[in-house]
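First residue of the sequence shown? That's 10 in my numbering, and the numbers climb one at a time after it. We treat Cβ as the ideally placed atom computed from N, Cα and C, and that holds for glycine. Values in this document were obtained by computation on a predicted structure and should not be read as measured data.
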Amino acid sequence: MSAGASRRVQDPGASEPSLLAGVRPPREAEGSRGRGAGADDGRTGSRRVGSSRDGLPGDWTPGDGSPGDGSPGDGPPGAGAPAHRPRGHDVVLRAAFVAGYVCVFLLKLPTLWVPEGQRHGLTMTAYVVLFVLGVLGWRTELVDRFRQVVARKRRALATLGLGFLLIIVVETAGGLAAQWLSEVVPGGRAGLVNDSNVMAVVDRYPPWVIVAVLAVAGPIVEELFFRQLLLTGVARFSRPWVGLLVSSVLFGTLHMSSLHASEWIGVIPHACFGLALGVVFLRTRRNLVFPATLHVLNNLSAVLPMI
Numbered sequence: 010m011s012a013g014a015s016r017r018v019q020d021p022g023a024s025e026p027s028l029l030a031g032v033r034p035p036r037e038a039e040g041s042r043g044r045g046a047g048a049d050d051g052r053t054g055s056r057r058v059g060s061s062r063d064g065l066p067g068d069w070t071p072g073d074g075s076p077g078d079g080s081p082g083d084g085p086p087g088a089g090a091p092a093h094r095p096r097g098h099d100v101v102l103r104a105a106f107v108a109g110y111v112c113v114f115l116l117k118l119p120t121l122w123v124p125e126g127q128r129h130g131l132t133m134t135a136y137v138v139l140f141v142l143g144v145l146g147w148r149t150e151l152v153d154r155f156r157q158v159v160a161r162k163r164r165a166l167a168t169l170g171l172g173f174l175l176i177i178v179v180e181t182a183g184g185l186a187a188q189w190l191s192e193v194v195p196g197g198r199a200g201l202v203n204d205s206n207v208m209a210v211v212d213r214y215p216p217w218v219i220v221a222v223l224a225v226a227g228p229i230v231e232e233l234f235f236r237q238l239l240l241t242g243v244a245r246f247s248r249p250w251v252g253l254l255v256s257s258v259l260f261g262t263l264h265m266s267s268l269h270a271s272e273w274i275g276v277i278p279h280a281c282f283g284l285a286l287g288v289v290f291l292r293t294r295r296n297l298v299f300p301a302t303l304h305v306l307n308n309l310s311a312v313l314p315m316i
């Protein structure tokens, strides 16, 4: 759920969509570590953003080339994070997370037997359960990434600032495109049903529940699925930009309730929001803390005025 989504509320009702890595001189040793990190990436099958293979060279934070200054090869917080091989129980938790998300939010299987009036409660419960499964399943990676961010607070804040600017530019462009299409495509003016459902949920639950689920748990669940899993998984077998596009489009369609023209047009800003978050994810060397933080702050800015 993006901030733009909640501000475009028009049409209530309809079906339940988503609400949401001998002694040498220091310089030589540093170079050796960089080569070792690259070798690690090759063994795990992942690609480090900033290499020529990724098609997304460089980092956002400037530096003078010295270790820890944010220059390419050191990067923003999250660069060079070690790859972790999941243990057996982690695999089970991740599998349960994926299965639950696909069934509830992508295939919407519960809508086959859950009455329409009870679907909001199911969605809120699903977000909480999936949040627990996801955080436990990726706890080692998440803790490592968070520690890297805390260790470099100023550069992390600068990266978040750039991320906000990117979101504003990309989502504004998507909103303008959607507005133009709604004027020229027959039946394109109807509001996105997802936005109406968000308002209905806000009216039904206490403010603390709305903040905890829609503004915190929901965004983290979506970032784990679309950026940590989907974008990374597709990029592993193709190119990062392919994973970026696939995850962004699917993130947008997650907010659809039907195949009506107005729904296709209405999710364009959502897809653009997902695209911006994907770029942030890649440009920070796949540190999920950054897009997740941006997503949480975005949702907070959307729901707080409504409660």
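Where the alpha helix (DSSP H) through residue i begins and ends
i	result
Ala157	The sequence given here has Gln at residue 157, not Ala. Residues Arg148 to Ala160.
Asn308	Val298 to Val312
Phe290	Ile277 to Arg292
Ala244	Thr241 to Phe246
Thr262	Pro249 to Thr262
Phe234	Premise fails: Phe234 is in no alpha helix (DSSP H) and is neither H nor E.
Arg198	Element bounds for Arg198: n/a, residue is neither H nor E.
His269	Segment: none, His269 is in no alpha helix (DSSP H) and carries neither H nor E.
Trp217	Pro216 to Ile219
Met208	Val202 to Arg213
Arg103	Gly97 to Tyr110
Cβ pair residue i, residue j closer than 7 Å
i	j	result
Phe282	Glu180	yes
Val395	Phe140	One cannot answer for residue 395 here, as it falls past the ends of the chain, which runs 10 to 316.
Ala221	Leu309	no
Pro253	Gly197	Going by the sequence as given, residue 253 is Leu instead of Pro. No.
Ala209	Tyr136	no
Arg103	Gly146	yes
Val138	Leu131	no
Pro228	His129	no
Val289	Gly172	yes
Gly170	Leu233	no
His264	Asn203	yes
Arg154	Asn296	yes
Ile219	Val312	yes
Cys112	Leu121	no
Ser271	Ala187	no
Ile316	Pro249	no
Check: residue i C-beta below 6 Å from any heavy atom of the ligand NAP
i	result
Asp212	With respect to small molecules bound, the structure shown includes none, and the ligand NAP cannot be examined in it.
Cβ of residue i within 7 Å of any chain D Cβ
i	result
Leu175	No chain D is present in this structure, which holds just one protein chain.
inquiry  = Taking contact to mean 3 or more Cβ pairs, one atom from each stretch, closer than 8 Å, check whether the region 276-290 and the region 238-257 are in contact.
reply    = yes
inquiry  = Using a Cβ distance threshold of 8 Å, determine whether the region 267-276 contacts the region 185-204, with at least three qualifying pairs required.
reply    = yes
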